[in-house]
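Here's the structure we're looking at; comments come further down.
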Amino acid sequence: MTTVIEIANMLLGGLAAGMVLFIVSVGLSVTMGLMGFVNLAHGGFAMIGGYVVVLAMNRLGVPYVAALALAFIFTAAISVVFERFLYKRLYRAPELDQVLFTIGLVFMMIATVTLIVGPETQPINLPPSMQGQLNLGFMTYRTYSIVLIVVGVVIMLGLWLGFERTRMGAQIRAAVDNRRMAESLGINITQLFTITFAFGSGMAALGGGLGAEFLGLDPQYPLKYLVMFLIVVAVGGLGRITGVFYASLIIGVLDFTLKKYLPQGGTVFIYGMTILLLLWRPQGLFGRPA
Amino acid sequence: MSVAPVQSDNPAARALAVRHRFRWWEVLPWLLALAFYFAFPRYLGFGTELLITVLFAISLDLALGYAGIVTLGHAAFFGAGAYAVGMLAKNEIWTEPISGLVIAAVVAGAVGFTSGLVLLRTTGLTLLMLTLCTMGLLEEIANMAADVTGGFDGLDSLPIKPVFGIFEFNPLYPNTQYLYVLGVLLVCFVFVRMLVYSPYGHSLTGIRENTLRMNAVGAPVRRRLMVCYTISAAIAGIAGALWAQANAYVNLSVLGLDRAATVLIVLVLGGYGRLYGGIVGAVAYMVLSHFLSKAYPTAWQLGLGLLLVIIALFARGGILGMFDNLMQWWRHREKTPP
């Protein structure tokens, strides 16, 4: 029984972390798949979301859920401005320019947050209802983690339905698979991308707010987790929502387990695994061959 | 490279035929570097760091600027060279500096070759990811193998023998370090200059501009990229080894994303694929950073970010590119009187 509980412990903790990874990375995967834009600043939007949540709660007394909604709206709005005025100019530019531009953006975000809020780690106070333990019948586990898993599954289902069952989702899928053909059919790619970008950044902000409790929130956040988000997207395959979902869960559980049992070599294992995997399938575990 | 007699009097053909020749102004950077030695004896530590950055940026220019391999993990090779020299010196296995550079170049070249076998099969995001992962992997290994690498603290007070058995490295008065690094930089620079103006160098530019076409004309694209990546890694390794020797210590900072990002910024600030971009960029970046980053760290980061955004959006050629544009505009203006 103890081994079962131990395994369940690891799975639940890993799944909760994986859900946060998924919520943050899904937008990155779709925008990269849609426009082929190497957006290294995506983690920055997650950080902005985290800061909006923390500041709204600690300074304005906004409740947690409302603060999350506020983070989504605020970040999505900012990202529309960025996309329309800056990102747009580099869609057809060489990768190197996109990399430079987004690294520059990350630096500016880090500096701005440091100037406005300060360099220290921001504490987040979860509402009391999420701080306790939840009885699952055979064991108890942190309510917060269970909430993360449920929210993640709900978001996954919502995105999947939106992707598979709505007109907009069909348009995005068409544009990911063959952009020129989709454009010829009269799909307004520019508008589609602005909406997707804003939505993806909003999701990142949501993930940043939800995960702030265990990822920690300080100005270095976007650089600290950059590689992690990119690994999820590369492993999951570009523009594949289900791929990102599975990849996030696998990496979340692996990371959580390795950190517990192999605190020294965990990162080495994940990097090594990613290298081998991308060698075997450059398009990612769930992506379609180019 | 032998110059075939130019058939036509076409100015473009003439310019192409002589473009590898030395120009008078190419002596200037080296004269300035020597003048710096005499003019600012108190800033030689800074100067040494600057020269090492130049060498590192030139190694990146070969891979990124000429062959078009977009990498975010070039510090992997800098670190490999630095740790090779550091570990050999700390255990008193090998402390002679110049042959130490050769060892570092071989080690870093081997790392470059091995990772290149894997990396260069891919392009785009996958390539970028793999370069990041390789560097992360090496950094973690260096962190874990604390018995031999010193882990997070690194290895300090490395016993490095005097250059040629005469000139000692003095940590307080880095005169020897400065001239030694300048000499190595000159040798490496001349080598890279020869390389990029050789037919091999031109084929690299061809691969950067249009890989498909180079494949179609029968150029061995993969092999050329492998050779280029290996050479670039070896030179980065030399830069790392110089860093370890000049400072007499190694730590994890030689392998991190910070260093990889910095050298990329230095190169694009100067202008990539231009040979002199690394020099101009390193001078501009290091001088600015020296005066601003300690006094106003946050404003410095904000400014740096803004600079990158501006370069990516409006000035892709960096400082040298802007200079070129200015010269063109000037010549154009002279030719067409108002």
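Chains A and B supply the protein sequences, listed in that same order.
Residue numbers for the first sequence, in the numbering used here: 1 to 290.
Residue numbers for the second sequence, in the numbering used here: 291 to 628.
Idealized CB from N, CA, C, for every residue including glycine.
Give the residues of chain A in contact with M516 (chain B), contact being defined as C-beta atoms less than 7 Å apart.
Position 226 of the second sequence, counting from 1, holds the residue named residue 516 (chain B). Within chain A, no residue comes near M516 (chain B); the closest Cβ sits about 16 Å away, beyond 7 Å.
Can you grab the Cα-Cα spacing for the pair V438 (chain B) / L448 (chain B), in whole Å?
Looking up residue 438 (chain B) in the second sequence gives position 148. Looking up residue 448 (chain B) in the second sequence gives position 158. For V438 (chain B) and L448 (chain B), the distance between alpha carbons rounds to 13 Å.
Among B:G563, B:P587, B:H492, B:L582, the one whose alpha carbon lies nearest that of A307 (chain B)
The residue labelled residue 307 (chain B) in the question sits at position 17 within the second sequence. When only C-alpha atoms are compared, the closest one is B:H492.
Short of 8 Å Cβ to Cβ, which residues in the region 95 to 106 of chain A face chain B?
E95, L96, D97, Q98, V99, L100, F101, I103, G104, L105, V106
Spatial neighbours of F479 (chain B) within its chain, please: CB distance less than 6 Å, with the 5 preceding and 5 following residues excluded, ordered by chain position.
For the purposes of this step, residue 479 (chain B) is identified with residue 189 of the second sequence, where counting begins at 1. So no residue of the chain qualifies.
Which residue from B:V540, B:P587, B:F613 puts its Cα closest to that of G371 (chain B)?
On the second sequence, position 81 is the one that residue 371 (chain B) refers to. Checked all of B:V540, B:P587, B:F613; the closest Cα to G371 (chain B) is B:V540.
C-alpha gap between G49 (chain A) and L578 (chain B), whole angstroms:
In the first sequence, residue 49 (chain A) corresponds to position 49, counting from 1. In the second sequence, residue 578 (chain B) corresponds to position 288, counting from 1. In a straight line, the C-alpha of G49 (chain A) is about 32 Å away from that of L578 (chain B).
Between the C-alpha atoms of A347 (chain B) and L598 (chain B), what's the straight-line distance to the nearest angstrom?
Stepping through the second sequence from its first residue, residue 347 (chain B) is reached at position 57. Stepping through the second sequence from its first residue, residue 598 (chain B) is reached at position 308. For A347 (chain B) and L598 (chain B), the distance between alpha carbons rounds to 16 Å.
Per DSSP, which one or two residues make a beta bridge with R167 (chain A)?
Against the first sequence, residue 167 (chain A) aligns to sequence position 167. Partner(s): none; R167 (chain A) has no beta bridge.
When you compare only the Cα positions, how much space is there between L215 (chain A) and P123 (chain A)?
The residue given as residue 215 (chain A) occupies position 215 in the first sequence. The residue given as residue 123 (chain A) occupies position 123 in the first sequence. The straight-line gap from Cα to Cα measures roughly 11 Å.
Specify the secondary structure class of V117 (chain A) as computed by DSSP and reduced to three states.
As a working note, residue 117 (chain A) is residue 117 in the first sequence. If DSSP states are grouped into helix, strand and coil, V117 (chain A) belongs with coil.
On the DSSP bridge list, what partners appear for Q133 (chain A)?
If you number the first sequence from 1, residue 133 (chain A) lands on position 133. Note: Q133 (chain A) sits in a beta bridge opposite A:R142.
Chain-ordered chain B contacts of T112 (chain A) [CB-CB under 8 Å]:
As a working mapping, residue 112 (chain A) is identified with position 112 in the first sequence. By Cβ distance, chain B contributes L592.
Roughly how many angstroms lie between the CA atoms of L410 (chain B) and L362 (chain B), to the nearest whole one?
Here residue 410 (chain B) corresponds to residue number 120 of the second sequence, with the count starting at 1. Here residue 362 (chain B) corresponds to residue number 72 of the second sequence, with the count starting at 1. C-alpha separation (whole angstroms): 14 Å.
Are the CB atoms of V477 (chain B) and L341 (chain B) nearer to each other than 8 Å?
What you label residue 477 (chain B) is simply residue 187 of the second sequence in a count that begins at 1. What you label residue 341 (chain B) is simply residue 51 of the second sequence in a count that begins at 1. The answer is no: Cβ separation not under 8 Å.
The alpha helix (DSSP H) enclosing Q591 (chain B), as first and last residue numbers
Taking the second sequence and counting its residues from 1, the one referred to as residue 591 (chain B) is at position 301. Counting along the chain, the alpha helix (DSSP H) containing Q591 (chain B) begins and ends at 587 to 604.
Decide if Y586 (chain B) is buried, meaning its Cβ has at least 16 other Cβ atoms within 10 Å, or exposed.
Within the second sequence, the letter at position 296 stands for residue 586 (chain B). With fewer than 16 other Cβ atoms within 10 Å, it is exposed.
Taking only runs that begin and end inside the region 66 to 126 of chain A, name each unbroken alpha helix (DSSP H) of 4 or more residues, in chain order.
95 to 116
Looking at the ligand PLP, does it come within less than 7 Å of F138 (chain A), judged from the CB to the closest heavy atom?
Questions concerning the ligand PLP fall outside what the structure shown contains, since it holds no ligand whatsoever.
What's the C-alpha gap between I78 (chain A) and R92 (chain A)?
Numbered from its first residue, the first sequence carries residue 78 (chain A) at position 78. Numbered from its first residue, the first sequence carries residue 92 (chain A) at position 92. Cα to Cα, the separation comes out at about 22 Å.
State the CB to CB distance for the pair F245 (chain A) and M156 (chain A), rounded to an integer number of angstroms; the pair is presumed to be in contact (CB under 8 Å).
Here residue 245 (chain A) corresponds to residue number 245 of the first sequence, with the count starting at 1. Here residue 156 (chain A) corresponds to residue number 156 of the first sequence, with the count starting at 1. That pair is a contact at about 5 Å.
Between the Cα of G13 (chain A) and those of A:W280, A:A204, A:N39, A:I250, spot the shortest distance and give me the residue it belongs to.
The sequence position of residue 13 (chain A) within the first sequence is 13, counting from 1. The shortest C-alpha separation from G13 (chain A) is found at A:I250.
Under 8 Å between beta-carbons, which chain A residues line up against M434 (chain B)? List them in chain order, please.
Walking along the second sequence from the start, residue 434 (chain B) turns up at place 144. Those are Q264, G265, V268, listed as they occur along chain A.
What did DSSP end up calling F286 (chain A) once you bin it into helix, strand or coil?
The count along the first sequence starts at 1 and reaches residue 286 (chain A) at position 286. Coil, per DSSP.
Which whole-angstrom value is the C-beta distance of L610 (chain B) and Y566 (chain B), which I expect to be below 8 Å?
As a first step, residue 610 (chain B) must be located in the second sequence, where it is residue number 320. As a first step, residue 566 (chain B) must be located in the second sequence, where it is residue number 276. About 6 Å separates the two Cβ atoms, so the contact holds.
Should M377 (chain B) go down as buried or exposed, given a rule of 16 or more other Cβ atoms within 10 Å for buried?
What you label residue 377 (chain B) is simply residue 87 of the second sequence in a count that begins at 1. Buried.
Please decide whether T121 (chain A) counts as near chain B, where near means a Cβ-Cβ distance under 8 Å.
Residue 121 (chain A) sits at position 121 when you count from the first residue of the first sequence. So no, T121 (chain A) is outside the interface.
Short CB-CB distance (under 8 Å) between R606 (chain B) and chain A
Residue mapping note: residue 606 (chain B) aligns to position 316 of the second sequence, counting from 1. It does; some Cβ of chain A falls within 8 Å.
Which residue's Cα is closest to the Cα of A247 (chain A): A:I231, A:T257, A:Y261?
On the first sequence, residue 247 (chain A) is found 247 positions in, with the first residue counted as 1. Of A:I231, A:T257, A:Y261, the residue nearest in Cα terms is A:I231.
For L462 (chain B), name the three-state secondary structure that DSSP assigns.
For the purposes of this step, residue 462 (chain B) is taken as residue 172 along the second sequence, with counting starting at 1. Of the three classes helix, strand and coil, the one that applies to L462 (chain B) here is coil, per DSSP.
Does any residue of chain A have a CB that is nearer than 8 Å to the CB of T343 (chain B)?
Along the second sequence, read from residue 1 onward, the residue named residue 343 (chain B) stands at position 53. Judged by the 8 Å Cβ criterion, T343 (chain B) is not in contact with chain A.
Tell me which same chain residues have a C-beta within less than 7 Å of the C-beta of L148 (chain A), skipping the five on either side of it?
Position 148 of the first sequence, counted from the start, is the residue given in the question as residue 148 (chain A). Result list for L148 (chain A): A16, M19, V20, L210, in chain order.
DSSP bridge partner residues for F457 (chain B) (one or two, in chain order):
Walking along the second sequence from the start, residue 457 (chain B) turns up at place 167. B:V453, per the DSSP bridge assignment.
L223 (chain A) by DSSP, collapsed to three states: which one?
If you number the first sequence from 1, residue 223 (chain A) lands on position 223. Correct three-state label for L223 (chain A): helix.
Between F336 (chain B) and H622 (chain B), is the Cβ-Cβ spacing less than 8 Å?
Position 46 of the second sequence holds residue 336 (chain B). Position 332 of the second sequence holds residue 622 (chain B). Result no, Cβ atoms of F336 (chain B) and H622 (chain B) do not sit closer than 8 Å.
Distance check for D255 (chain A) and V233 (chain A), CA to CA, integer angstroms please.
The residue labelled residue 233 (chain A) in the question sits at position 233 within the first sequence. The residue labelled residue 255 (chain A) in the question sits at position 255 within the first sequence. So the two alpha carbons sit approximately 16 Å from each other.
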